[in-house]
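Residues in the sequence shown are numbered consecutively from 1, following UniProt numbering.
From the three backbone atoms N, C-alpha and C, an ideal C-beta is built for every residue, glycine too.
Notes follow the structure.
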Amino acid sequence: MKVFIILGLSAATAFTAVFFSFLQIGKDTIFEEIEDNCITKAIQKGSSLVDYAARYEMNRKIQGSGIATPTLLLAFSKFPEQESQDISQAAERMEMSIQVLKQKVCQKHKRSLHQTEMNFKMSVWCLEGSKVQKY
Numbered sequence: 001m002k003v004f005i006i007l008g009l010s011a012a013t014a015f016t017a018v019f020f021s022f023l024q025i026g027k028d029t030i031f032e033e034i035e036d037n038c039i040t041k042a043i044q045k046g047s048s049l050v051d052y053a054a055r056y057e058m059n060r061k062i063q064g065s066g067i068a069t070p071t072l073l074l075a076f077s078k079f080p081e082q083e084s085q086d087i088s089q090a091a092e093r094m095e096m097s098i099q100v101l102k103q104k105v106c107q108k109h110k111r112s113l114h115q116t117e118m119n120f121k122m123s124v125w126c127l128e129g130s131k132v133q134k135y
């Protein structure tokens, strides 16, 4: 009889340990999804801020003069190649996304993060193969 009680308690303990480990795994999955969602939203917000700034600057240049002056034509002809512009915009988007994430983390935790720590987390996230749409 004592053997069955001991076996029952052992089985209950083992079941509880397995059950809580599954809960812990589920908890990590839930928080991971929330973190990825937060990162994705920050990247989208940073990208939209950079796009808005680029559109605003282009509209200001076009509407500012009204007429195509020789200086304006020369400035347009000296724009960098499209590939260089894409690389520059990607860097601006990443920098803006890092700043948005940093603001969110500082507001949430009421502390400041070191820039390299945030860069490292962003780089790791990008290297893990997360799908980010190009805007």
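The segment 85–105 makes contact with the segment 35–46: 3 or more CB pairs, one atom from each, lie closer than 8 Å.
Here residue 99 has 46 as same chain residues with Cβ atoms under 8 Å from its own Cβ, once five neighbours each way along the sequence are excluded. When the beta-carbon positions are compared, residue 49 and residue 94 stay at least 7 Å from each other.
For residue 42, the number of other beta carbons within 10 angstroms of its own is at least 16, and it is reported as buried.
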